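*Asks:* Structure incoming, see below.
This is how it looks when you write it as structure tokens:
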């Protein structure tokens, strides 16, 4: 840092003599000289010991005054007194004055200086607008400050890595069969069956209230957060702020709105700031709700005054069921969402075979497909013969086949991925089969 400021490495030594100082050099030299005058060092007079607060304020006042004088000729600097560890969220952007001599503990607050990059300046200006929007929506200034003070965007390298296709859409790098094998694993089936039995009373109560079967809730729970075991590890305020800034020109400012709604979650006391963690895109809790959906659909089922989708299973199950019922339009009269099937022979005409969900054909009763060589993989499964169904074969006749019923669309609204909806449907059925098998053995 001392080299960048044009002075010698030893803070107490005389700066390198230069001729022809212009306004820029004089301003920077003044800043260095002012700080040296109040900081004790080898070869420099001791600073007054009359009180930490007085000397600290003197140091800060002189530094800020000198920085103001220098401002027209130098890149912006930000001076900050950091009295608590962890105040700055992005420590990698701070440059410490390594050549400063050791200061007696308590004599001065720690003074750190960082030079803002153009990206950071743009981010700060954008964040000022978000602050105003938060206040406009009734969020307290105290909460806004606790979320945004010292906030910096994630490094561009992290953003680029996160935005890569294999992170955004992991299923695109896998065949349908490989994706289903990963999502509907033996571990998920076994654990899901055990949890279905363990929480049967609560899940049945939620079904009576919202009409969503327990096995569907457990399957979504298992895929979204591995039954609550992994809810994400990103600071959602910082993640959403970065995404909102990077995509600020998107129509509707999607991530910017989600950022404001995330701050509102903290302001309403549902979770403290340090616990608001989730996915890289800001999805929260065991059911991975975006913040705006949290406010619309999260339920405080245990009546503790908070919709806690992070720790309270009553709140988690009720929130998922409420979302499926209200937003996804789950049909309580048709229990399953779909089935893995085989297609035998060439009895089916081409105009009834769809690919992905977006390529589906006109629905037909399930009985039509049963009469034309379509059979469920589960021999004991009884298809609702009159239910409207579509046949999906995303990878053609050589790939997996799936018979999707009306509630397949509901799962697609939870997560708009054909693979995801097939995995949830299959996992739900496998969990039911596993419970039946265990009970039969007992």
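Numbering (my numbering), first residue to last: 6 to 447.
From the three backbone atoms N, C-alpha and C, an ideal C-beta is built for every residue, glycine too.
No experiment lies behind these values; they were computed from the predicted model shown.
In whole angstroms, what separates the C-alpha of residue 243 from that of residue 284?
*Replies:* The residue you call residue 243 lines up with position 238 of the chain shown. The residue you call residue 284 lines up with position 279 of the chain shown. Residue 243 and residue 284: Cα-Cα distance of roughly 11 Å.
*Asks:* Which residue comes first and which comes last in the alpha helix (DSSP H) that contains residue 329?
*Replies:* The sequence position of residue 329 within the chain shown is 324, counting from 1. Its alpha helix (DSSP H) spans residues 318 to 331.
*Asks:* From 218, 198, 398 and 255, pick the residue whose C-alpha is nearest to that of residue 339; which is it?
*Replies:* Numbered from its first residue, the chain shown carries residue 339 at position 334. Looking at the Cα atoms, 218 is the closest of the given residues.
*Asks:* With H, G and I counted as helix, E and B as strand and the rest as coil, what does DSSP make of residue 105?
*Replies:* Here residue 105 corresponds to residue number 100 of the chain shown, with the count starting at 1. Residue confidence is low: residue 105 scores 47 on pLDDT, short of 50, so the model does not pin down where it sits. No coordinate-derived value is stated.
*Asks:* Let me know if residue 246 comes out buried or exposed under the rule of 16 or more other beta-carbons within 10 Å of its beta-carbon.
*Replies:* Position 241 of the chain shown holds residue 246. Classification for residue 246: buried.
*Asks:* Which residues in the same chain have their Cβ closer than 7 Å to the Cβ of residue 27, if we skip the five residues on either side of it in sequence?
*Replies:* Residue mapping note: residue 27 aligns to position 22 of the chain shown, counting from 1. Residue placement at residue 27 cannot be trusted, given a pLDDT of 47 that sits under 50; the coordinates are not used to answer.
*Asks:* Specify, as a first and last residue, the run of the beta strand (DSSP E) that residue 380 falls within.
*Replies:* Within the chain shown, residue 380 is the residue found at index 375, counting from 1. From DSSP, the beta strand (DSSP E) with residue 380 extends over 379 to 381.
*Asks:* Let me make sure I understand the geometry here. Which of 347, 439 and 215 has the alpha-carbon closest to that of residue 330?
*Replies:* By 1-based counting over the chain shown, the position of residue 330 is 325. When only C-alpha atoms are compared, the closest one is 215.
*Asks:* Residue 351: buried (16+ other C-beta within 10 angstroms of its C-beta) or exposed?
*Replies:* Taking the first residue of the chain shown as position 1, residue 351 is located at position 346. Classification for residue 351: exposed.
*Asks:* With a threshold of 8 Å on Cβ separation, who are the neighbours of residue 62 within its own chain once the five nearest residues in sequence on each side are excluded?
*Replies:* Here residue 62 corresponds to residue number 57 of the chain shown, with the count starting at 1. Low per-residue confidence applies at residue 62: pLDDT is 48, beneath 50, and the placement is therefore not dependable, though the value from the model is reported in the following sentence. Nothing listed; no residue qualifies.
*Asks:* Who are residue 343's beta bridge partners in DSSP?
*Replies:* As a working note, residue 343 is residue 338 in the chain shown. Answer is 409.
*Asks:* Is DSSP giving residue 238 helix, strand or coil here?
*Replies:* As a first step, residue 238 must be located in the chain shown, where it is residue number 233. The answer is coil: DSSP assigns residue 238 none of H, G, I, E or B.
*Asks:* Buried or exposed, going by whether 16 or more other CB atoms sit within 10 Å of the CB of residue 382?
*Replies:* Residue numbering aside, residue 382 sits at position 377 when the chain shown is read from its first letter. Exposed, because fewer than 16 other Cβ atoms sit within 10 Å of the Cβ of residue 382.
*Asks:* Compare the beta carbon distance of residue 430 and residue 326 with 8 Å and say whether it is the shorter of the two.
*Replies:* The count along the chain shown starts at 1 and reaches residue 430 at position 425. The count along the chain shown starts at 1 and reaches residue 326 at position 321. No, the Cβ-Cβ distance between residue 430 and residue 326 is not below 8 Å.
*Asks:* Along the alpha helix (DSSP H) that carries residue 230, what are the first and last residues, could you check?
*Replies:* As a working mapping, residue 230 is identified with position 225 in the chain shown. Looking at the DSSP string, the run of the alpha helix (DSSP H) that includes residue 230 is 219 to 230.
*Asks:* Please classify residue 227 as buried or exposed, where buried requires at least 16 neighbouring CB atoms within 10 angstroms.
*Replies:* Stepping through the chain shown from its first residue, residue 227 is reached at position 222. Per the 10 Å Cβ criterion, buried.
*Asks:* Using the three-state DSSP reduction, which class does residue 233 fall into: helix, strand or coil?
*Replies:* Against the chain shown, residue 233 aligns to sequence position 228. Correct three-state label for residue 233: coil.
*Asks:* What is the DSSP secondary structure of residue 430, reduced to helix, strand or coil?
*Replies:* The residue given as residue 430 occupies position 425 in the chain shown. Helix at residue 430.
*Asks:* Name the two residues that bound the continuous alpha helix (DSSP H) containing residue 364.
*Replies:* Along the chain shown, read from residue 1 onward, the residue named residue 364 stands at position 359. First-last for residue 364: undefined, no H or E at that position.
*Asks:* Could you check whether the Cβ of residue 143 sits closer than 7 Å to any heavy atom belonging to the ligand ATP?
*Replies:* No copy of the ligand ATP occurs in the structure displayed, which carries no ligand at all.
*Asks:* Taking the straight line between their C-alpha atoms, what separation do you get for residue 229 and residue 425?
*Replies:* Position 224 of the chain shown, counted from the first residue, corresponds to residue 229. Position 420 of the chain shown, counted from the first residue, corresponds to residue 425. Looking at the two C-alpha atoms, the distance is approximately 10 Å.
*Asks:* Since residue 289 is in the beta strand (DSSP E), which residue starts that stretch and which ends it?
*Replies:* Reading the chain shown from its first residue, position 284 is the one you call residue 289. Looking at the DSSP string, residue 289 is not in any beta strand (DSSP E), and its letter there is neither H nor E.
*Asks:* For residue 171, which residues in the same chain have their Cβ closer than 7 Å to its Cβ, ignoring the five residues on either side in sequence?
*Replies:* Within the chain shown, the letter at position 166 stands for residue 171. Residue placement at residue 171 is poorly supported in this model, since its pLDDT is 43, which falls under 50; the coordinates are not used for a value here.
*Asks:* How many Å lie between residue 3 and residue 159 at the Cα?
*Replies:* Any answer about residue 3 is impossible in this case: the structure gives the chain only from 6 up to 447.
*Asks:* Under the three-state reduction of DSSP, which class applies to residue 397: helix, strand or coil?
*Replies:* The residue given as residue 397 occupies position 392 in the chain shown. In this structure, residue 397 counts as strand in the three-state DSSP scheme.
*Asks:* So the alpha helix (DSSP H) residue 188 belongs to, where does it begin and stop?
*Replies:* For the purposes of this step, residue 188 is identified with residue 183 of the chain shown, where counting begins at 1. Unbroken alpha helix (DSSP H) run through residue 188: 181 to 188.
*Asks:* Assuming the contact rule is C-beta atoms closer than 8 Å, residue 377 and residue 353 should be a hit. Round their C-beta distance to whole Å, please.
*Replies:* As a first step, residue 377 must be located in the chain shown, where it is residue number 372. As a first step, residue 353 must be located in the chain shown, where it is residue number 348. The pair is a contact, with the Cβ atoms about 5 Å apart (cut-off 8 Å).
*Asks:* For residue 202, which residues from the same chain have a beta carbon less than 7 Å from its beta carbon, with the 5 sequence-adjacent residues on both sides left out?
*Replies:* Mapped onto the chain shown, residue 202 falls at position 197. So the list reads 440, once near-sequence residues are dropped.
*Asks:* Run through DSSP, which three-state label would residue 150 get?
*Replies:* Mapped onto the chain shown, residue 150 falls at position 145. Helix.
*Asks:* Do the region 194 to 213 and the region 386 to 406 meet, that is, are 3 or more Cβ pairs less than 8 Å apart?
*Replies:* Because the criterion of three Cβ pairs below 8 Å is not met, the region 194 to 213 and the region 386 to 406 do not touch.
*Asks:* Mark residue 263 as exposed unless 16 or more other C-beta atoms lie within 10 angstroms of its C-beta, in which case mark it buried.
*Replies:* To locate residue 263, count along the chain shown from 1; it is residue 258. The residue in question, residue 263, is buried, as its Cβ has 16 or more Cβ neighbours within 10 Å.
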